[in-house]
Amino acid sequence: MMHDRSAVSRVLNEREQQLLLRLIAVCNKNDNYKQQIDHLRVTGRCNCGCPTVDLCSKETEHRPKPPHKNIVDAEFILPNGHVIGVILWANDGQIMGLELYPCNFQEPFEIPELAFLANVMLNEEAV
Ligand SMILES: [Zn+2]
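Residue -4 in the numbering used here is what sits at position 2 of the sequence shown, and the numbering runs on without skipping anything.
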């Protein structure tokens, strides 16, 4: 899916923070990422209505974005059968974004309850 972005500037909401914490828990650079979470800002959001966001620390907010690496994959598997793919993007130890995409449905959606998160997998090569 193409993700066109709009610029925004806000702090993370609680659901975003909780999801990030769960995703970085599988990382061996865990402490490094954990320290960033409190200082992250949402600097872009997807225009399609999905909860995909670009994330930056205060220090990197106005710098050009380096290429992102997919460091953690996960899925939300909802009771209604909907599956939402999740990707944590980072570069050189900096969290860069959180992507969510519908795998088998079309309707707009929010970040689901974390109880439905499954298959959290570290991408060893990218870390
Ligand atoms: Zn989108």
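Every residue, glycine too, gets a C-beta built ideally from N, C-alpha and C. Small disclaimer: the values here were computed from a predicted structure and weren't measured.
Secondary structure at I18: helix, using DSSP grouped into helix, strand and coil. For T46, the shortest separation between its Cβ and any heavy atom of ligand 1 lies below 6 angstroms. Within the same chain, and ignoring the five residues on either side of A1 in sequence, the residues whose Cβ sits closer than 8 angstroms to its Cβ are T37, G38. Judged by DSSP in its simplified three-state form, N113 adopts strand.
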